[in-house]
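So for the sequence shown, the working numbering puts the first residue at 5; every next one is plus one. Glycine is no exception: its CB is placed at the ideal position from the N, C-alpha and C atoms. Worksheet for the structure shown next.
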Amino acid sequence: MTITLDNPSRRNSQVPSLWAALADLAEGLDPGVRVVVLRGNGPSFSAGLDRGMLAPGGVEGEPELLGIAVDGPERTAERIEDFQRGFAAWASVPAVVVASVQGHAIGAGFQLALAADLRVVADDVQFAMRETSLGLVPDLGGTGPLVRAVGYAVALELCATGRFMGAQEAVARGLANVAVPLAELDATTADLVGALVDAPDAALRELKPLLASAATVAPGDQLRAEREAQGRLLNGLARAVGR
């Protein structure tokens, strides 16, 4: 499945209705889908939150963020939890999620790229977390994967300063898998998708959660997860040959 942000005149800026649509797609994903590609039309993957959301009155047809905030911190946090579903839900799908990223990936755009398992970037990519410059923090599920990818110190520096990270640094720090010229982004993404689809389906579906848990669970729990996954796969192989 390919999901395309398609508002290039606004650099694919984001609003809550988009987050709800992303959550619906993730939570209702056909179990037969093996790979999901997240991409954006135009010069940018996504320039982040539509700034109109932070203005009095907000954006027509969308919840007013400043209006939500006057309900108090607890009620505000409850609403943000709903917004987060559009990002966090991708970690739970059995499919491997690939972000194909060009141009600006700022704030919510950066966090959507971080919601993917793998990232292919064009050489013009510019990642940035700009929330702190607005007196806010990243709150759409991006802090965990960012720290896991680049480490606490680099994540703190990126978020606190709001500086831009380009393609080569993103690859060097492990944030992106590969950087290619913009003209080759679609073809490189397609090659990666093809390789993922060629992998044995059952093994790939066991592999994603197994590796995702490796950095956070106790060693004994990870060993158990490995042997249980392997047990299921070996059992499937035995049944396939009639044993």
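| Helix, strand or coil: how does DSSP classify Met169 here? | strand
| message | Run through the DSSP bridge pairs and tell me what Ala231 is partnered with. | response | With the sequence shown as reference, residue 231 is identified as Arg, and Ala is not the correct amino acid for it. The partner list for Arg231 (beta bridge, DSSP) is empty, contrary to what the question assumes.
| request: Check Phe91 in the structure and name its three-state DSSP category. | output: helix
| Rounded distance between the beta-carbons of Glu135 and Gly111, thought under 8 angstroms | 6 angstroms
| query | Can you list, in chain order, the residues of its chain whose CB lies under 8 angstroms from that of Glu161, leaving out five sequence neighbours each side? | reply | Arg167
| said: Helix, strand or coil for Ser50? Go by DSSP, reduced to three states. | reply: strand
| request: Output yes or no for whether 9 angstroms exceeds the beta carbon distance between Phe91 and Leu116. | output: yes
| For Thr6, the three-state DSSP class (helix, strand or coil) | strand
| task | For Val63, collect the residues of the same chain with a Cβ closer than 8 angstroms to its Cβ; drop the 5 residues on either side in sequence, then sort them by chain order. | result | Val19, Asp54, Gly56 and Met57
| query | Among Phe49, Ile84 and Ala99, which one has its Cα closest to the Cα of Gly32? | reply | Ala99
| query | Below 8 angstroms, can you find three or more Cβ-Cβ pairs linking the stretch 66-74 to the stretch 126-144? | reply | no
| query | If you draw a straight line from the C-alpha of Gly170 to the C-alpha of Asp28, how long is it? | reply | 31 angstroms
| DSSP-derived helix/strand/coil call for Ser137 | helix
| query | Is it a yes or a no for the stretch 7-24 touching the stretch 35-49, going by three-plus beta-carbon pairs under 8 angstroms? | reply | yes
| task | Pull up the DSSP beta-bridge partners for Phe131, would you. | result | Ala109 and Met169
| field | Cβ-Cβ separation, Leu214 to Glu230 (assumed contact under 8 angstroms), whole Å | value | 7 angstroms
| query | Ends of the alpha helix (DSSP H) at Gly148? | reply | Thr147 to Val154
| said: Bridge partners for Val41 per DSSP, in chain order? | reply: Thr6 and Val102
| query | For Arg123, which of helix, strand or coil comes out of DSSP? | reply | strand
| query | Does the separation of the CB atoms of Gly44 and Thr8 fall below 9 angstroms? | reply | yes
| Proximity winner among Asp86, Glu78 and Ala59, relative to Leu22 (alpha-carbon distances) | Asp86
| said: Please list the terminal residues of the continuous alpha helix (DSSP H) segment that includes Ala27. | reply: Pro20 to Glu31
| query | What's the gap between the Cα of Gln106 and the Cα of Gly52? | reply | 13 angstroms
| Identity of the residues DSSP links to Ala184 by a beta bridge | Ala is not the amino acid found at residue 184; the sequence shown has Val there. Looking at the DSSP assignment, Val184 forms a beta bridge with Ala126.
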